[in-house]
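Sequence positions in the sequence shown follow the working numbering and run 452 to 626. Note that the Cβ used here is the ideal one computed from N, Cα and C, for glycine as well. Keep in mind the model is a prediction, meaning the values are calculated, not measured. The next block holds one structure in the form of structure tokens; read it before the comments.
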Amino acid sequence: MNIYNYVDQPSSQKFETMNNRAYSRNIPSQPLQPYLEARPVLTKYSIMPVVDPRATIHTPLQQQATYDPDRIFNHGNDTAPWSGYASNVNKESELRNQIYALQSCPQAFYVPSSTSNLYNVSWNNSINNGQQPFPGLFTEEPVQTYRKNNEHTNDIGYALFNNTTRQQLKNLTKM
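Encoded structure:
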């Protein structure tokens, strides 16, 4: 049974298949690193504020791999793991050229030499012994304009602006 072809399924099974596919889009492809937020402890009304009143956590934290959006599917909300962003800060800085200091010396910019392959392009025209494979590609055809063959060039559209060509055409038929 093909999941994209609903013809061979009863209607209840079609809905179940669609619901399962929609539900699977809400689950990441592998467990994501949890977002831990350390809240401050209220010490204003405590009798002895030196002692930490928070309960100790007995469950060890499982270390997950660094979040990479190319490998791990996140279901799309805005709380992706911090490790993915923090590990790619340098890549983003390189893409925006923020890692180079602003300088006014010749070493600040890389300019390739004029003998580089950036400026000297060589075409390998060994295909068809240099013959053009499409012989009619660059032939210029003569173009005849409609205005030369029109007998009413002085009656219709003769002004540079404010040409009322519709009315001028109606005037021609009245003659």
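Can residue i and residue j be called in contact, C-beta distance under 8 Å?
i: S480; j: I550; result: no
i: Q515; j: L483; result: yes
i: H603; j: L623; result: yes
i: P500; j: T507; result: no
Under 7 Å Cβ to Cβ from residue i, same chain only, skipping five residues before and after it: list those, please.
i: S534; result: Q484, T517 and Y518
i: V492; result: D503, P504 and R505
For residue i, which residues of its own chain have a beta-carbon under 6 Å away from its beta-carbon, when the five flanking residues on both sides are left out?
i: G608; result: N614 and T616
State buried or exposed for residue i, treating a residue as buried only when at least 16 other CB atoms are found within 10 Å of its CB.
i: P532; result: buried
Round the Cβ separation of residue i and residue j to the nearest angstrom and send it over; I've been treating them as touching at under 8 Å.
i: Q526; j: N471; result: Note on identity: in this sequence residue 526 is His, with Gln being the wrong assignment. So it is not a contact: roughly 15 Å between Cβ atoms.
i: Q619; j: D606; result: 6 Å
Which class does residue i belong to by DSSP, given the choice of helix, strand or coil?
i: T494; result: coil
i: P461; result: coil
i: P557; result: helix
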